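Numbering (our numbering), first residue to last: 57 to 304.
Cβ coordinates follow ideal geometry from the N, Cα and C atoms, glycine included.
Bear in mind the structure is a predicted one, so any value in this text is a computation, not a measurement.
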Amino acid sequence: MKRFLKFILPNGVVELIRNRRKLRDIGRRLSPGEWFSSDRLAVDAEGSGLALFPPGHVQKLRTIVDVGANVGQWSGMLLNCITPERLIIVEPLPDAFSVLQKKFGNNRRVELHSVAIGEREGVATLKITRDTTGASLLQPCEEMRAVVGSNWTIASEVQVKLTTLDQLLVNLSKVSLLKIDVQGYEKPVLAGAKQTLSKTKFILIELNFMPQYDGGSWFGEVHEILTREFGFFLANAGAPMVLNGRAA
């Protein structure tokens, strides 16, 4: 009842109109049955980064690659908003990959790969933090462990298969959107993706303004690689988080 009242009261009507406009900008039309979930869909449009895209481009996304999917948080939000022809999901963490199989295994548009991405093929050691969203091929730096606490300490390690994006996506002619969330391992991922980047239209990448892992990448380094070496430009950016009074 509260949810129903939310949308029949004046402020609720304004919110519904605002949400519909935001979703319309990414090509997502609401059916009457979805009006009551418009706020959740608008949040998904923001959380997936689709709201950052220039007008008219979201509707043209055909083949999307999610590198570092964890348990599919980003891919789930994406699929709530749009229906790409093909979604390739990549995640090396075994427990997280099991969740992905349950979530997306029956979706014929989704392709799942349990592998880590880097600049070479082989085997690598994945360091699993207590909060598994921090799992990385790199060691969390001391400053991050001090700020975040025990969730950023390494709980276990596992050997995982390692490959490059160029090898994994060798048969793709085009990539509409490449999403990368690899916890400081961006430079090796890009080093093994030269051919992939040459056929990629958009990149959505999580970066930090300070390294959070020993030897990890930060915004300035990755921005220079993408702009100078591959001809990309920064179209939009979300607000940074703040740790110890500075952008992180």
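Using CA coordinates, which residue listed in the options is at the minimum distance from residue i?
| i | options | result |
| --- | --- | --- |
| glycine 272 | Val278, Leu282, Tyr241 and Leu260 | Tyr241 |
| glutamate 262 | Leu97, Arg85 and Ser104 | Ser104 |
| alanine 172 | Val278, Asp95, Gln223 and Phe289 | Gln223 |
| leucine 246 | Pro267, Thr209, Thr219 and Ile138 | Thr219 |
| threonine 188 | Ala211, Gly174 and Val166 | Ala211 |
| glycine 248 | Leu134, Val204 and Ile281 | Ile281 |
| alanine 98 | Glu147, Asn136, Val114 and Glu285 | Asn136 |
How far does the alpha helix (DSSP H) with residue i in it extend, from its first residue to its last?
| i | result |
| --- | --- |
| histidine 279 | 275-280 |
| aspartate 95 | 94-103 |
| alanine 180 | Run containing alanine 180: none in the alpha helix (DSSP H); it sits in the beta strand (DSSP E), 178-185. |
| serine 306 | Examination of residue 306 is not possible in this model, given that the chain is present from 57 through 304 alone. |
| lysine 228 | According to the sequence shown, residue 228 is leucine rather than lysine. Looking at the DSSP string, leucine 228 is not in any alpha helix (DSSP H), and its letter there is neither H nor E. |
| arginine 137 | The question names arginine, yet the displayed sequence has cysteine at residue 137. 129-137 is the span of the alpha helix (DSSP H), which, as asked, contains cysteine 137. |
| alanine 390 | Nothing can be reported for residue 390: it is not among the residues displayed for the chain, which extend from 57 to 304. |
Can you tell me which of the three DSSP states residue i falls into?
| i | result |
| --- | --- |
| threonine 31 | Absent from the model: residue 31. The displayed extent of the chain is 57 to 304, so no value can be given. |
| lysine 235 | strand |
| aspartate 222 | helix |
| aspartate 122 | strand |
| glycine 190 | helix |
| valine 166 | strand |
| proline 88 | helix |
| alanine 172 | strand |
| proline 244 | helix |
On the DSSP letters alone, give me the boundaries of the beta strand (DSSP E) that residue i sits inside.
| i | result |
| --- | --- |
| glutamine 215 | 210-219 |
| arginine 142 | 142-146 |
| valine 114 | That residue, valine 114, is in no beta strand (DSSP E); it is neither H nor E in DSSP. |
Residue i and residue j look like a contact to me (Cβ under 8 angstroms); what is the Cβ gap, rounded to whole Å?
| i | j | result |
| --- | --- | --- |
| aspartate 270 | glycine 124 | Contact doesn't hold; Cβ gap of about 18 angstroms is too wide. |
| leucine 228 | threonine 139 | That pair is no contact at about 19 angstroms. |
| leucine 234 | isoleucine 259 | 5 angstroms |
| phenylalanine 160 | serine 206 | Not really, about 31 angstroms apart at Cβ, beyond 8 angstroms. |
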